[in-house]
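Written out below as structure tokens is the structure these notes cover.
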Amino acid sequence: MSSYFKRSLEERTDPTGTWLSIGHPAVAEVCASLDLEFVLIDTEHTSMHLETVENMVRAVDATDGRTETVVRVPWNDPVRLKRVLDLGVQGVMVPMIETAEEARTLVNSTRYPPQGSRGIAGGRAANYGLNFEEYVKSANGSVLTIVQIETKRGLENVENIASVDGVDALFVGPADLSGSLGVFAEWESEQLSSAINQVISAGQTTDTPVGTLVVDPTDVEMRVGQGFDYLIVGKDTASLASATRDAIALYDEALTGSVDQPVGNE
202 MSSYFKRSLE ERTDPTGTWL SIGHPAVAEV CASLDLEFVL IDTEHTSMHL
252 ETVENMVRAV DATDGRTETV VRVPWNDPVR LKRVLDLGVQ GVMVPMIETA
302 EEARTLVNST RYPPQGSRGI AGGRAANYGL NFEEYVKSAN GSVLTIVQIE
352 TKRGLENVEN IASVDGVDAL FVGPADLSGS LGVFAEWESE QLSSAINQVI
402 SAGQTTDTPV GTLVVDPTDV EMRVGQGFDY LIVGKDTASL ASATRDAIAL
452 YDEALTGSVD QPVGNE
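Counting from 202, one number per residue, gives the positions in the sequence shown under the numbering used here.
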């Protein structure tokens with residue numbers, strides 16, 4: 202089992218992904234056709250079930266590009282992690298990691314014995330048992346493991362978290378982090394900016410890539426300038442709303458222009 206996205210993080214080639222919260226395979230398929238390094242399927246703040254996630258993973262795998270799938274689980278829950286990994290995803294993202302011990306628990310959940318405690322089964326990841334033994338032998342260490350730093354306590358322990366063997370990358374959750382710091386949605390806050398820089402600095406110290414989400418495309422340059430190693434650019438619902446709003450505005454502008462035009466030869 203090999204992950205292109207994981208290698209691109211290790212080689213610091215600035216991988217790019219996009220955020221999926223609409224639970225439909227067509228959305229995943231369209232985004233995967235854009236030759237992104239990965240798509241992030243969010244199951245923390247959405248209603249989608251595992252059957253939906255599985256079909257979205259199939260849609261990504263069916264495209265001709267290199268795009269891989271990372272799933273954000275709702276919590277640092279070994280049962281949920283096990284079931285998601287059995288779908289054959291290339292990586293997982295886990296929210297609200299606050300200590301090195303929690304990070305070690307996460308890594309343990311993603312690895313088979315004797316290195317971890319992941320339950321062994323012949324699911325989709327193992328080609329439904331057709332290459333069962335091969336998958337089990339090669340899976341440990343191949344699953345990309347991303348931890349989210351989005352609380353004050355997680356920020357205080359970020360360097361220790363990043364130092365845990367098996368943590369492949371950090372991810373800044375700006376909304377939750379701003380809320381935890383008491384400056385919710387104050388995106389220009391010096392306190393929030395300092396916290397983000399602290400995470401990036403911890404990543405540089407421990408040689409751990411750090412990424413974040415950019416919903417507004419105009420913020421991409423700013424985030425690159427901050428030193429992030431990878432970005433999730435765009436969120437499906439936000440992109441849909443923005444594109445529709447812009448189209449409505451253009452239509453209104455065109456209608457206004459046509460009303461102002463003189464009629465006939467006058």
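Where a beta carbon is used, it is the ideal one built from N, C-alpha and C, also for glycine. Here the structure is a predicted model, which is why all the values come from computation and not from measurement.
Out of the options, state which residue places its alpha-carbon closest to the alpha-carbon of residue i.
| i | options | result |
| --- | --- | --- |
| R208 | Q316, Y431, R284 and N398 | Y431 |
| D408 | T247, E212 and S204 | E212 |
| T300 | H250, N358 and L345 | N358 |
| N277 | D366, E422, V293 and M249 | V293 |
| C232 | Y452, V434 and D453 | V434 |
| R267 | T311, P216 and V254 | P216 |
Taking only the alpha-carbon atoms, compute the straight-line gap between residue i and residue j and give it to the nearest angstrom.
| i | j | result |
| --- | --- | --- |
| Q316 | V308 | 9 Å |
| Y364 | G404 | Per the sequence presented here, residue 364 reads as Ser, with Tyr not at that position. Going by the C-alpha atoms only, they are around 9 Å apart. |
| R424 | V415 | 8 Å |
| G320 | I347 | 20 Å |
| I298 | I401 | 16 Å |
| Y313 | G380 | 36 Å |
| S394 | L382 | 11 Å |
| V344 | P410 | 15 Å |
| E389 | S234 | 34 Å |
In terms of residues, what are the limits of the alpha helix (DSSP H) holding residue i?
| i | result |
| --- | --- |
| G380 | P375 to S381 |
| V308 | A301 to S310 |
| E269 | Looking at the DSSP string, E269 is not in any alpha helix (DSSP H); the run it does join, the beta strand (DSSP E), is E269 to R273. |
| L251 | L251 to A263 |
| T407 | E391 to T407 |
| L282 | P279 to L286 |
| M423 | V421 to Q427 |
Inspect the beta-carbon positions of residue i and residue j and report whether they are closer than 8 Å.
| i | j | result |
| --- | --- | --- |
| A370 | L210 | yes |
| W220 | D377 | no |
| R281 | P275 | yes |
| V290 | L241 | no |
| V368 | I350 | no |
| I397 | A304 | no |
| E252 | Y205 | no |
| S318 | P375 | no |
| L474 | A326 | A question about residue 474 goes unanswered here, because the residues of the chain that appear run from 202 up to 467. |
| G342 | F333 | no |
Can you give me the start and stop residues for the beta strand (DSSP E) that residue i sits inside?
| i | result |
| --- | --- |
| F239 | F239 to D243 |
| L221 | T217 to L221 |
| I350 | L345 to I350 |
- Message: Taking 8 Å as the cut-off, does the stretch 252 to 260 touch the stretch 222 to 232 (at least 3 CB pairs, one atom from each stretch)?
- Response: The stretch 222 to 232 makes contact with the stretch 252 to 260: 3 or more CB pairs, one atom from each, lie closer than 8 Å.
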